[in-house]
Amino acid sequence: MSTLLETHALTKHFRLPGGWLTGKDRFVYAVDDVNLAITTGETFGLVGESGCGKTTLGRLVLRLVEPTSGRVNFNQVDLTGLQGNALRAMRREMQIVFQNPLSSLSPRLRVEQIVAEPLTTHRALTASGIRPRVMELLEQVGLGRQHLDRFPHEISGGQCQRVAIARALALNPKLIVLDEPTSALDVSVQAQIINLLDDLKKSLGLTYLFISHDLNVVQHISEQIGVMYLGKLVEQAPSEMIFAQPLHPYTKALFGAIPLPVVDRKQELVVLEGSVPSPINPPGGCRFHTRCPLAQAVCKEQVPELRSITPERRVACHFV
Ligand code: SF4
Numbered sequence: 005m006s007t008l009l010e011t012h013a014l015t016k017h018f019r020l021p022g023g024w025l026t027g028k029d030r031f032v033y034a035v036d037d038v039n040l041a042i043t044t045g046e047t048f049g050l051v052g053e054s055g056c057g058k059t060t061l062g063r064l065v066l067r068l069v070e071p072t073s074g075r076v077n078f079n080q081v082d083l084t085g086l087q088g089n090a091l092r093a094m095r096r097e098m099q100i101v102f103q104n105p106l107s108s109l110s111p112r113l114r115v116e117q118i119v120a121e122p123l124t125t126h127r128a129l130t131a132s133g134i135r136p137r138v139m140e141l142l143e144q145v146g147l148g149r150q151h152l153d154r155f156p157h158e159i160s161g162g163q164c165q166r167v168a169i170a171r172a173l174a175l176n177p178k179l180i181v182l183d184e185p186t187s188a189l190d191v192s193v194q195a196q197i198i199n200l201l202d203d204l205k206k207s208l209g210l211t212y213l214f215i216s217h218d219l220n221v222v223q224h225i226s227e228q229i230g231v232m233y234l235g236k237l238v239e240q241a242p243s244e245m246i247f248a249q250p251l252h253p254y255t256k257a258l259f260g261a262i263p264l265p266v267v268d269r270k271q272e273l274v275v276l277e278g279s280v281p282s283p284i285n286p287p288g289g290c291r292f293h294t295r296c297p298l299a300q301a302v303c304k305e306q307v308p309e310l311r312s313i314t315p316e317r318r319v320a321c322h323f324v
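My numbering applies: residue 5 is where the sequence shown begins, and numbers increase by one.
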């Protein structure tokens, strides 16, 4: 399988306002030097605690946020160099589904208008072709003709998320970034949406970047998993390997904190103390050293590289 999406040293530092007052610029180091690759047809689950930069990374790969430095290659094309029509054309192939379905849909538009919006904006079909395409998309996500005239507030949260997924599918994208797509839904509805996404991936040959803090959901849907901590990718491995035996101390703590139905999990439990440091002033060296029970002097000085431990696994720790 070929690589669909690659990031090279992708970095985003947000400048904080008010620097002119103090004469010193301050930044939020949201994403730092992230290299990852997503294979066509796979789901790459991106996990980490709130504020670790995973949502910013999702927006960076779509160029909804401009990177401070680094590159994003999609289908062998460097997105960071694209502007105007070339960027718009590439955006047809990459879509996003947001966390909160109700707030991601315009409250003044009916379901038909919402799903048709990308088709009209990109002039993808003639006027007579739009209604049949909208019907087809609604069917694909388990909705029907009866939903066409509804407003978002007249349907359930799960149905709103199905509408958002139909809208994301409208232009036949290759990649969909799913940013916590189930975390605002009831547990029973979450399972339905996950199964729907899985079915759509198989039937339409989609590739997903699935961002979530829910490790059980990520395990269910992902082939590959990347773990982020304070803007850094600290471990990446196939799903079954990382759940059976996480290697990075942070991954061990993260995965050890949840009950998982993995019979032969061989991990030792790592209990984390303290909270995640501020991304405005992240620790030097290994960003995890202030909470890591295995930290040594070198961890404060040197940034551990994300290096290959086996052909399938990469870990950023001096002692793995
Ligand atoms: Fe812990 Fe050091 Fe490894 Fe960082 S490099 S995870 S601080 S042992």
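Ideal placement from N, C-alpha and C gives every residue a C-beta, glycine not left out. Since the model is a prediction, treat every value here as computed from it, not as a measurement.
Burial state of H252 (16 or more Cβ within 10 Å): Translated into the one-based positions of the sequence shown, residue 252 becomes position 248. That one is buried.
Buried or exposed by the 16-neighbour rule on C-beta atoms within 10 Å, applied to A90: Within the sequence shown, residue 90 is the residue found at index 86, counting from 1. That one is exposed.
Contact test: Q300 Cβ vs the ligand SF4 heavy atom, cutoff 7 Å: The residue you call residue 300 lines up with position 296 of the sequence shown. Yes, the ligand SF4 has a heavy atom inside 7 Å of this Cβ.
Buried versus exposed call for E244 [16 or more other C-beta atoms within 10 Å across all chains shown]: Here residue 244 corresponds to residue number 240 of the sequence shown, with the count starting at 1. Counting Cβ neighbours within 10 Å, E244 comes out exposed, since fewer than 16 surround it.
Nearest-angstrom Cα separation, counted from V38 out to E277: As a position in the sequence shown, residue 277 is number 273, starting the count at 1. As a position in the sequence shown, residue 38 is number 34, starting the count at 1. The alpha-carbon atoms of E277 and V38 are separated by roughly 26 Å.
Proximal residues to E10 (C-beta, below 6 Å), its chain only, five neighbours per side dropped: Looking up residue 10 in the sequence shown gives position 6. If we look at E10 and ignore the five residues flanking it on each side, its Cβ neighbours are A41 and N77.
Candidates L182, P177 and G161: closest to V191 by CA position: Indexing the sequence shown from 1 puts residue 191 at position 187. The option with the nearest alpha carbon to V191 is G161.
Straight-line Cα distance separating A120 from V267: Counted from its first residue, the sequence shown places residue 267 at position 263. Counted from its first residue, the sequence shown places residue 120 at position 116. With a pLDDT of only 48 at V267, under the threshold of 50, the placement of this residue in the model should not be trusted; the figure read from the coordinates follows. One C-alpha to the other measures close to 46 Å.
The segment 175-194 contacting the segment 97-106, beta-carbon criterion three pairs below 8 Å: yes
heavy atom of the ligand SF4 below 7 Å from H293 C-beta: As a first step, residue 293 is located in the sequence shown; it is residue number 289 there, counting from the start. Result yes, Cβ under 7 Å from the ligand SF4.
C-beta contact flag for V32 and F48 at 8 Å: Taking the first residue of the sequence shown as position 1, residue 32 is located at position 28. Taking the first residue of the sequence shown as position 1, residue 48 is located at position 44. Their beta carbons are not under 8 Å apart, which means V32 does not touch F48 by this criterion.
Beta-carbon contacts of D82 that lie in its chain and below 6 Å, excluding the five residues immediately before and after: Looking up residue 82 in the sequence shown gives position 78. Result list for D82: R75, in chain order.
Collapsed DSSP secondary structure at V76 in the structure displayed: Here residue 76 refers to the residue found at position 72 when the sequence shown is read from its first residue. Strand.
Simplified DSSP state of H194, which is helix, strand or coil: Start at 1 with the first residue of the sequence shown, and residue 194 comes out as number 190. For the record, residue 194 in the displayed sequence is Gln; it is not His. Three-state result, Q194: helix.
Straight-line Cα distance separating W24 from R30: Numbered from its first residue, the sequence shown carries residue 30 at position 26. Numbered from its first residue, the sequence shown carries residue 24 at position 20. Whole-angstrom Cα-Cα distance: 10 Å.
Stretch pair the segment 280-288 + the segment 225-234: three plus CB contacts closer than 8 Å: yes
Same chain, Cβ closer than 8 Å to R114, five either side skipped, listed in chain order: Counted from its first residue, the sequence shown places residue 114 at position 110. The answer, listed in chain order, is L152, D153, R154 and F155.
Spatial neighbours of E53 in its chain, beta-carbon cut-off 6 Å, leaving aside the 5 residues before and after: By 1-based counting over the sequence shown, the position of residue 53 is 49. Same-chain partners within the cutoff: V280.
Closer than 7 Å: P253 CB and nearest the ligand SF4 heavy atom: Indexing the sequence shown from 1 puts residue 253 at position 249. P253 Cβ: within cutoff of the ligand SF4.
The segment 305-322 contacting the segment 283-297, beta-carbon criterion three pairs below 8 Å: yes
7 Å Cβ shell around R171 - same chain, five flanking residues per side excluded: Taking the sequence shown and counting its residues from 1, one reaches residue 171 at position 167. Result list for R171: I118, V119, E121 and P122, in chain order.
Test item: CB-CB of E239 and V302 under 8 Å: Along the sequence shown, read from residue 1 onward, the residue named residue 239 stands at position 235. Along the sequence shown, read from residue 1 onward, the residue named residue 302 stands at position 298. No.
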